[in-house]
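Engineer: Going by my numbering, 212 is the number at position 210 of the sequence shown; the sequence numbering is gapless. Yeah, the Cβ is synthetic: ideal placement off N, Cα and C, and Gly gets one too. So that we are looking at the same thing, I have put the structure below in structure tokens.
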Amino acid sequence: MHAIPDAAGRPAWRPDLHVHTNASDGIFAPSDVMRRAKERGVNLVAVTDHDTLLALPESARAAMAHGIAFIPGVEISTAGDDEVHVLGLFVGSHMKNLSARLRAFRGDKQRRCVEALRILTNMGLPLTLQDLRLPHGVAGSRPLIARAMVRKGYAASVPDAFERFLAVGRRAYVPRRNMDTGEAIALLSREGAVPVLAHPALIAYERTDLLNRLEQWMAQGLRGIEAWHPAHTPETARYWAGIARSRGLLVTGGSDFHDGLPPHGELGDRLPLWDTADSDAARLLDMDGEEVAV
Ligand SMILES: [Zn+2]
Ligand SMILES: [Zn+2]
3 MHAIPDAAGR PAWRPDLHVH TNASDGIFAP SDVMRRAKER GVNLVAVTDH DTLLALPESA
63 RAAMAHGIAF IPGVEISTAG DDEVHVLGLF VGSHMKNLSA RLRAFRGDKQ RRCVEALRIL
123 TNMGLPLTLQ DLRLPHGVAG SRPLIARAMV RKGYAASVPD AFERFLAVGR RAYVPRRNMD
183 TGEAIALLSR EGAVPVLAHP ALIAYERTDL LNRLEQWMAQ GLRGIEAWHP AHTPETARYW
243 AGIARSRGLL VTGGSDFHDG LPPHGELGDR LPLWDTADSD AARLLDMDGE EVAV
């Protein structure tokens, strides 16, 4: 249950619907994320960590303390090295099939991480799991390896570590196990979540191929497209918003906040460009009031 008055009787929504915490590869704890969101005038946040729901309870509490409306979410990487990402909004730990799949993903992530550390060590760049400073219950990942490499002086920056060692095709890259994008969408949909295609411009498929797949994903339960994202120019964002609207899909947007540094965004930084943010957020909230705490 939630109280969202009609547009005339409430402040405009200032949403950020794609946010990471230190439960995946962000650097801030949920309470710091929400404080920062508040400072930047964001009043609706979806926390969407990679493959984990770990930060959601603390995020919900922190959001409430700051008077921020909260949507529990997750970001799932699919299609192996093609890096298709699906956001699941309005998720929860009561979704047993989702929780089981995420647990399996985290196991695979940890396996890949250990293998990458072994390869780097063999290359004369010794690294252990301890060097990653993993918070309790958090799986290792390439961004965390990259940060440890910077701390050790093996790389000048996180992008440098990716470019030379960790990107797809580089020596310390370990392929992920494949999950089909449609399968992830169908799983989220069956569990009652709202599946949204994340940052479509970052997907490796040709535009026509992607548009064909979009039809198929919609048949499997896709409900929205993340048009507003730091990797999209305003023109690209408007293109994807148009595609979403023409197909009856929701338009969403977010900063993909990790640490406030490029290539990711700062909390709320899409809002000056995203001119339909209020009505897009209201449409999204209409889809599920159960989980929203205002
Ligand atoms: Zn992503
Ligand atoms: Zn993300």
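Flag His87 as yes when its Cβ comes closer than 7 Å to any non-hydrogen atom of ligand 1, and as no otherwise.
Structural biologist: Within the sequence shown, numbered from 1, the residue matching residue 87 stands at position 85. Indeed, a heavy atom of ligand 1 lies less than 7 Å from the Cβ.
Engineer: Which residue from Gly142, His138, Leu134 puts its Cα closest to that of Met151?
Structural biologist: Here residue 151 is taken as the residue at index 149 of the sequence shown, counted from 1. With distances taken between Cα atoms, Met151 lies closest to Leu134.
Engineer: Quick one: grab the DSSP three-state call for Pro145.
Structural biologist: Here residue 145 refers to the residue found at position 143 of the sequence shown. Three-state result, Pro145: helix.
Engineer: Quick check: His87 and Met36, are their CB atoms within less than 8 Å of each other?
Structural biologist: Stepping through the sequence shown from its first residue, residue 87 is reached at position 85. Stepping through the sequence shown from its first residue, residue 36 is reached at position 34. Contact: no.
Engineer: Enumerate in chain order the residues of its own chain whose CB-to-CB distance from Asp282 is below 6 Å, with the five nearest sequence positions on each side excluded.
Structural biologist: Within the sequence shown, numbered from 1, the residue matching residue 282 stands at position 280. Contacts found: Val253.
Engineer: Could you tell me which of Arg12, Ala148, Lys98, Thr50 sits nearest to Asp78, measuring between CA atoms?
Structural biologist: For this step, residue 78 is matched to residue 76 along the sequence shown. The question names Asp, but residue 78 in the sequence shown is Ile. It is Thr50.
Engineer: Is Ala200 near ligand 1 - that is, is its Cβ less than 7 Å away from at least one heavy atom of it?
Structural biologist: Against the sequence shown, residue 200 aligns to sequence position 198. True, at least one ligand heavy atom lies under 7 Å from that Cβ.
Engineer: Which two residues bound the contiguous beta strand (DSSP E) that contains Ser26?
Structural biologist: Here residue 26 corresponds to residue number 24 of the sequence shown, with the count starting at 1. It is not in any beta strand (DSSP E) - Ser26 carries neither H nor E in the DSSP assignment.
Engineer: Are there 16 or more other CB atoms within 10 angstroms of the CB of Ala23, so buried, or fewer, so exposed?
Structural biologist: Your numbering for residue 23 matches position 21 in the sequence shown. Per the sequence shown, residue 23 should be read as Thr rather than Ala. When all chains shown are included, Thr23 counts as buried.
Engineer: Below 6 Å CB to CB, which residues in the same chain sit around Ser61 once its five sequence neighbours on both sides are set aside?
Structural biologist: The residue labelled residue 61 in the question sits at position 59 within the sequence shown. These residues qualify, in order along the chain: Pro32, Val49.
Engineer: Can you name, in chain order, every residue of its own chain whose Cβ lies under 7 Å from the Cβ of Arg285, other than the five neighbours on each side?
Structural biologist: Locating residue 285 in the sequence shown gives position 283, counting from the first residue. So the list reads Leu252, once near-sequence residues are dropped.
Engineer: Grouping DSSP H, G and I as helix and E and B as strand, with all else coil, what is Val140?
Structural biologist: Along the sequence shown, read from residue 1 onward, the residue named residue 140 stands at position 138. Three-state DSSP puts Val140 in coil, outside helix and strand.
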